[in-house]
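Engineer: One gets the numbering used here by counting positions in the sequence shown from 1 and adding 35 to each.
From the three backbone atoms N, C-alpha and C, an ideal C-beta is built for every residue, glycine too.
A quick note: this is a predicted structure, and the numbers were derived from the prediction, not measured.
This is the structure, below, for whatever I ask next.
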Amino acid sequence: MKFRVIAVALITLISGTQLFAQEKKLTTYTDIRLAYFGNTDEATGLGHGMNQESADFFGVRLRSGITYRFNENHSFTARLATQLRDDTDEIKFTIKADGGGIAPGSISFDEAYYQFRNENSTLKIGRFQESVNVSSNAGRSSFRFQSNVIFIHWSDGIFYQRNLKNGWLGEFIGEYQPKDAVTFAYRSGMDFAENDHNFTSYLGLENRERDNMNFIQKGFGFFYAPASFTKNGTDYDDFIGIMSRAVYDLPGIDLLQGGSFRVAGELSQNLNADLSEGTSAIISAGVNRFANKHELMVEFSRTDRFWLTASTYNPSTDEIEIRWRYRATNKLWFDARWRARVNDDDTIPYAYSTFIRANYTL
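Take a look at the structure:
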């Protein structure tokens with residue numbers, strides 16, 4: 036990777052926001068992530084070396100933003116982001132997505148939204164991050180997972196959250212997806228190629244408060260994407276997905292030194308596909324915040340061929356993943372992952388991947 040490119044990106048993203056740091060109504064935030072990612076048919080998951088065409092890469096993600104608070108209820112947030120890899124030679128600016136998010140070497144706003152917030156409601160309008168994640172140690176979802184590894188994704192549209200009774204929240208996401216610039220890496224078969232302008236919606240109920248049975252999350256969701264789903268590549272239909280999730284967390288175990296044992300599960304279904312072809316099922320178990328430093332998780336998943344949302348789970352695969360995270364400080368953490376995929380397609384029956392990451396927040 037060219038050090039000159041990294042230096043230019045750092046100066047552009049960080050110093051620009053720091054110019055406004057003295058303004059009392061402004062707050063700045065920056066995070067830097069370094070990652071090695073390997074993807075191969077060898078069980079180590081480390082590929083054949085970073086200089087070979089083996090899908091291995093070393094990369095950096097830089098994000099720096101500002102929030103201006105007009106008063107206690109109204110604010111505006113904007114953030115610039117870029118990802119650079121070992122073969123990045125130049126940086127270009129783009130407003131629209133150029134690769135299911137933004138491609139390596141591009142720089143863009145991954146957040147630019149107005150927010151209204153009071154004790155009962157939150158409203159965002161513009162470009163924002165909203166993934167509806169499961170509270171597992173991986174913190175992701177079969178519905179979508181924005182900006183994983185060092186990638187950069189976003190939602191263009193509206194987000195509304197409303198406090199309901201007994202700890203429940205109602206959530207709505209309305210999203211715009213242009214034909215040639217989708218902001219997520221959706222799977223083949225869900226490509227928004229039928230219409231120039233596309234709109235999707237998500238409606239969910241969520242409870243993230245611990246109950247007397249030690250469940251810390253319960254949720255249900257409905258996702259609708261008209262004329263986006265095709266089984267044969269020509270005839271388009273609506274994608275209608277339902278999903279449910281639950282997380283159990285057992286605290287107070289002396290052996291874990293203040294940590295807890297956590298089990299998370301998620302079950303989703305494409306209603307426009309047969310039951311045997313449109314299901315996603317995920318379960319994970321692990322130790323959360325051992326000595327307030329370590330997290331360890333093992334996860335098993337099965338994703339059918341027609342569950343095609345923008346998640347990290349490949350269609351037509353069974354997966355096992357082992358993940359470890361170490362929180363060095365409140366601002367610095369490290370994690371590593373090993374994953375094995377068994378594909379229904381006999382052409383590449385087994386695939387392995389790893390990543391090693393470091394993340395620092397300024």
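1. When you compare only the Cα positions, how much space is there between I187 and T117?
2. Report buried or exposed for A78, applying the criterion of at least 16 other Cβ atoms within 10 angstroms of its Cβ.
3. Comparing alpha-carbon positions, which option in K253, L238 and G239 lies nearest R245?
4. Could you give the residue range of the beta strand (DSSP E) that holds M248?
5. Taking 8 Å as the threshold (C-beta atoms), are Q164 and W189 in contact?
6. Taking the Cβ atom as the reference point for each residue, do D284 and N323 lie within a distance shorter than 8 Å?
7. Quick check: what's the CA-CA separation for S279 versus F258?
8. If we call anything under 8 Å between Cβ atoms a contact, is L115 one with S141?
9. Per DSSP, which one or two residues make a beta bridge with D272?
10. Which runs of the alpha helix (DSSP H) at least 4 residues long sit entirely within the stretch 269 to 336? Give them in chain order.
11. Whole angstroms are fine: how far does the CA of K328 sit from the CA of T364?
12. Look at the alpha carbon of I126 and the alpha carbon of D66, and state the distance between them as a whole number of angstroms.
13. Whose C-beta lies closer than 7 Å to the C-beta of A228 among residues of the same chain, with five residues either side of it excluded?
14. Give the range of the beta strand (DSSP E) segment to which Q150 is assigned.
15. For the beta strand (DSSP E) containing R374, name the first residue and the last one.
16. Between the stretch 304 to 323 and the stretch 196 to 209, do at least 3 Cβ pairs fall closer than 8 Å?
17. Checking 8 Å against the spacing of the C-beta atoms, do G313 and F219 come in under that value?
18. Rounded to a whole number of angstroms, what is the C-alpha to C-alpha distance between F194 and F151?
19. Let's see if you can read the secondary structure: which residues bound the beta strand (DSSP E) around N394?
20. Could you tell me which residues DSSP puts in a beta bridge with S176?
21. Enumerated in chain order, which unbroken segments of the beta strand (DSSP E) with a length of 3 residues or greater are wholly contained in the stretch 202 to 244?
22. Drop a sphere of 10 angstroms on the beta-carbon of Q87, count the other beta-carbons inside from all chains shown, and report buried for 16 or more, exposed for fewer.
23. Would you decide whether F128 is buried or exposed? Buried here means 16 or more other CB atoms lie within 10 Å of its CB.
24. Give a yes or no on whether the C-beta atoms belonging to N168 and G161 are separated by under 8 Å.
25. Note down, in chain order, each residue of its chain lying with its Cβ closer than 6 Å to the Cβ of S143, except the 5 sequence neighbours on either side.
26. In the structure shown, what three-state DSSP assignment does L69 receive?
27. In angstroms with no decimal places, state the Cα-to-Cα distance between D191 and S156.
28. In this structure, does DSSP put K59 in helix, strand or coil?
29. Using a 10 Å radius around the Cβ and a threshold of 16 neighbouring Cβ atoms, would you call Q292 buried or exposed?
30. What's the C-alpha gap between E356 and A386?
31. Using three-state DSSP, classify W359 as helix, strand or coil.
32. If distances are taken between C-alpha atoms only, which option among R179, P350, G287 and E334 comes closest to I341?
33. Any idea if L397 is buried or exposed, counting beta-carbon neighbours within 10 angstroms, 16 or more meaning buried?
34. Who are S346's beta bridge partners in DSSP?
35. For F207, which residues in the same chain have their Cβ closer than 6 Å to its Cβ, ignoring the five residues on either side in sequence?
36. List the DSSP bridge partners of I101.
Structural biologist: Working from what's here:
1. Numbered from 1 along the sequence shown, position 152 holds the residue referred to as residue 187. Numbered from 1 along the sequence shown, position 82 holds the residue referred to as residue 117. Cα to Cα, the separation comes out at about 7 Å.
2. Stepping through the sequence shown from its first residue, residue 78 is reached at position 43. So A78 ends up on the exposed side.
3. Residue 245 sits at position 210 when you count from the first residue of the sequence shown. The candidate whose alpha carbon is nearest that of R245 is K253.
4. Locating residue 248 in the sequence shown gives position 213, counting from the first residue. Bounds of any beta strand (DSSP E) do not take in M248, whose DSSP letter is neither H nor E.
5. Here the question's residue 189 lines up with position 154 in the sequence shown. Here the question's residue 164 lines up with position 129 in the sequence shown. Yes, the pair counts as a contact, with Cβ atoms nearer than the cut-off.
6. Start at 1 with the first residue of the sequence shown, and residue 284 comes out as number 249. Start at 1 with the first residue of the sequence shown, and residue 323 comes out as number 288. N323 is positioned such that its CB atom lies closer than 8 Å to that of D284.
7. Locating residue 279 in the sequence shown gives position 244, counting from the first residue. Locating residue 258 in the sequence shown gives position 223, counting from the first residue. The alpha-carbon atoms of S279 and F258 are separated by roughly 12 Å.
8. Translated into the one-based positions of the sequence shown, residue 115 becomes position 80. Translated into the one-based positions of the sequence shown, residue 141 becomes position 106. No.
9. Sequence index remark: in the sequence shown, residue 272 carries index 237 (1-based). D272 pairs with F264.
10. Counting whole runs of 4 or more residues, the stretch 269 to 336 contains no alpha helix (DSSP H) stretch at all.
11. What you label residue 364 is simply residue 329 of the sequence shown in a count that begins at 1. What you label residue 328 is simply residue 293 of the sequence shown in a count that begins at 1. The alpha-carbon atoms of T364 and K328 are separated by roughly 8 Å.
12. For this step, residue 126 is matched to residue 91 along the sequence shown. For this step, residue 66 is matched to residue 31 along the sequence shown. Their Cα atoms are separated by approximately 19 Å.
13. On the sequence shown, position 193 is the one that residue 228 refers to. The beta carbon of A228 is closer than 7 Å to those of K214 in its chain, skipping five residues each way along the sequence.
14. Translated into positions along the sequence shown, residue 150 becomes position 115. From DSSP, the beta strand (DSSP E) with Q150 extends over S141 to R152.
15. Position 339 of the sequence shown, counted from the start, is the residue given in the question as residue 374. Where R374 is concerned, the enclosing beta strand (DSSP E) stretches over L367 to N378.
16. Here the stretch 304 to 323 makes no contact with the stretch 196 to 209; the two share fewer than three CB pairs at distances below 8 Å.
17. What you label residue 313 is simply residue 278 of the sequence shown in a count that begins at 1. What you label residue 219 is simply residue 184 of the sequence shown in a count that begins at 1. No.
18. Here residue 194 corresponds to residue number 159 of the sequence shown, with the count starting at 1. Here residue 151 corresponds to residue number 116 of the sequence shown, with the count starting at 1. Near 11 Å, if we compare the C-alpha coordinates of F151 and F194.
19. Residue 394 sits at position 359 when you count from the first residue of the sequence shown. Segment Y385 to T396, the beta strand (DSSP E) holding N394.
20. Within the sequence shown, numbered from 1, the residue matching residue 176 stands at position 141. None; S176 has no bridge partner.
21. Correct list: 203 to 213 and 232 to 242.
22. Here the question's residue 87 lines up with position 52 in the sequence shown. Here Q87 scores only 45 on pLDDT, less than 50, and its place in the model should not be relied on; the value that follows carries that caveat. Burial call: exposed.
23. As a working mapping, residue 128 is identified with position 93 in the sequence shown. Label assigned to F128: exposed.
24. Here residue 168 is taken as the residue at index 133 of the sequence shown, counted from 1. Here residue 161 is taken as the residue at index 126 of the sequence shown, counted from 1. No; because the gap between Cβ atoms is not below 8 Å, this pair is not in contact.
25. Within the sequence shown, numbered from 1, the residue matching residue 143 stands at position 108. A distance below 6 Å between beta-carbons, with the five flanking residues on each side excluded, links S143 to the following residues of its chain, in chain order: T129 and I137.
26. As a position in the sequence shown, residue 69 is number 34, starting the count at 1. L69: strand per DSSP, three-state reduction.
27. Your numbering for residue 191 matches position 156 in the sequence shown. Your numbering for residue 156 matches position 121 in the sequence shown. If I take the Cα positions, the gap works out to 20 Å.
28. For the purposes of this step, residue 59 is identified with residue 24 of the sequence shown, where counting begins at 1. Assigned with DSSP and collapsed to three states, K59 falls in coil, not helix or strand.
29. For this step, residue 292 is matched to residue 257 along the sequence shown. Q292 is exposed by the Cβ-count criterion.
30. Position 321 of the sequence shown, counted from the first residue, corresponds to residue 356. Position 351 of the sequence shown, counted from the first residue, corresponds to residue 386. Per the coordinates, the alpha-carbon of E356 lies some 12 Å from the alpha-carbon of A386.
31. Position 324 of the sequence shown holds residue 359. Three-state result, W359: strand.
32. By one-based count along the sequence shown, residue 341 stands at place 306. The question names Ile, yet the displayed sequence has Phe at residue 341. Closest in C-alpha terms to F341, from the list R179, P350, G287 and E334, comes P350.
33. Counting from one through the sequence shown, the residue named residue 397 turns up at place 362. Exposed, because fewer than 16 other Cβ atoms sit within 10 Å of the Cβ of L397.
34. In the sequence shown, the residue the question calls residue 346 occupies position 311. For S346, which the question treats as bridged, DSSP gives no partner whatsoever.
35. Translated into positions along the sequence shown, residue 207 becomes position 172. Y195 and L238.
36. Translated into the one-based positions of the sequence shown, residue 101 becomes position 66. In DSSP, I101 forms a bridge with T63 and A113.
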